[in-house]
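In our numbering, the protein residues as written are 1490 to 1754. Data block below; observations after.
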């Protein structure tokens, strides 16, 4: 009798324990209990339970790797003894008119690599650039340094949009060149530019005027690096260009004396 009482008491205790703790005390099918220690978190859901992005959220595509070397097909010479001047990131209402004044005084041509958003804001400056005999170059819609790594359709749409803005400012304007922001060229962007009738314009001399060194430093860097047929990179937009502007007279005089300053072709 005493043994039966002990067994009945034990059975009652098992039933009570089995009913406590909700999911932690339930039995697995075909096995014993699987208790979860107090304070632990449930396992993370598997792949099927991964939350999905809301409808309408754009898919972010990975960018193509940047090539280790510059791709083929870049235009980097005037093809003659003379040197070409190029100005990037404008048109800017403060600096572009002053650069144009310097060029007019020196009687030399230049190529302006214009950004689409700036063209849209300042179409009158694009008109002046063309009116005074300078060339235009497409420099992307918003200076996207990674544009060449994006899907080809995005590259094409960007370049077309920029050229359309230029021609809205100057109907029938010639846009013979494209320059990739940051010089971060890829074969894809070179190919698209060619398909749109533009040569991919690189440079041979970069005095790093974007870093705002003194005017004398800019002139010295150009003087030391330039060679016959060279293409000089300068800026008339994208920030304070007072040093570039101040460097222009001496820099242009030096280039005219040594090589001549010519239009790209």
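Think of the CB as a built atom: it goes at the ideal place given N, C-alpha and C, for glycine as much as any other residue. Source: prediction; values computed, not measured.
State the DSSP-derived secondary structure class of residue i, mapped to helix, strand or coil.
i: residue 1688; result: strand
i: residue 1557; result: coil
i: residue 1753; result: coil
i: residue 1669; result: coil
i: residue 1719; result: coil
i: residue 1742; result: helix
i: residue 1682; result: helix
i: residue 1571; result: coil
i: residue 1694; result: strand
i: residue 1725; result: coil
i: residue 1732; result: helix
i: residue 1528; result: At residue 1528, the pLDDT of 35 sits below 50, so the modelled position is not reliable and the matter cannot be decided from this model.
Take residue i as the anchor and find which of the options has the nearest alpha-carbon.
i: residue 1652; options: 1628, 1637, 1636 and 1670; result: 1628
i: residue 1660; options: 1640, 1697, 1620 and 1751; result: 1620
i: residue 1701; options: 1732, 1725 and 1723; result: 1732
i: residue 1704; options: 1718, 1724 and 1686; result: 1724
i: residue 1631; options: 1718, 1639 and 1604; result: 1604
i: residue 1734; options: 1721, 1584, 1750 and 1556; result: 1584
i: residue 1597; options: 1571, 1708, 1648 and 1677; result: 1571
i: residue 1593; options: 1582, 1682, 1606 and 1623; result: 1623
i: residue 1697; options: 1569, 1576 and 1550; result: 1576
i: residue 1557; options: 1642, 1676 and 1748; result: 1676
i: residue 1688; options: 1751, 1610 and 1565; result: 1565
i: residue 1644; options: 1609, 1606, 1684 and 1608; result: 1684
i: residue 1574; options: 1727, 1717 and 1729; result: 1717
i: residue 1719; options: 1754, 1586 and 1589; result: 1754
i: residue 1601; options: 1662, 1740 and 1748; result: 1662
i: residue 1635; options: 1579, 1738 and 1555; result: 1555
i: residue 1727; options: 1640, 1633, 1664 and 1739; result: 1633
i: residue 1552; options: 1639, 1569 and 1568; result: 1639
i: residue 1679; options: 1699, 1658, 1641 and 1657; result: 1641
i: residue 1654; options: 1749, 1560 and 1613; result: 1613
i: residue 1729; options: 1578, 1752 and 1637; result: 1578
i: residue 1681; options: 1647, 1656 and 1658; result: 1647
i: residue 1609; options: 1657, 1749 and 1750; result: 1657
i: residue 1591; options: 1637, 1748 and 1737; result: 1737
i: residue 1626; options: 1559, 1749, 1739 and 1686; result: 1686
Could one say the Cβ of residue i lies closer than 9 angstroms to chain D's Cβ atoms, at least one of them?
i: residue 1585; result: The chain inventory of the structure shown lacks chain D, comprising one protein chain alone.
What is the residue span of the beta strand (DSSP E) that residue i lies within?
i: residue 1566; result: Unbroken run through residue 1566: none, as it is neither H nor E.
What are the boundary residues of the alpha helix (DSSP H) that residue i is part of?
i: residue 1600; result: Element bounds for residue 1600: not the alpha helix (DSSP H) but the beta strand (DSSP E), 1600-1603.
i: residue 1700; result: That residue, residue 1700, is in no alpha helix (DSSP H); it is neither H nor E in DSSP.
i: residue 1583; result: Residue 1583 -> no alpha helix (DSSP H), and no H or E assigned at all.
Would the stretch 1683-1702 count as touching the stretch 1654-1674 if we require 3 or more Cβ pairs under 8 angstroms? yes
Would you check if the stretch 1610-1625 and the stretch 1671-1687 touch, i.e. whether three or more CB-CB distances between them fall below 8 angstroms? no
Only counting runs of 3 or more residues, tell me where the beta strand (DSSP E) segments fall wholly within the stretch 1609-1677, in order along the chain. 1624-1627
Is it true that the stretch 1711-1727 meets the stretch 1740-1753, where meeting means three or more beta-carbon pairs spaced less than 8 angstroms apart? yes
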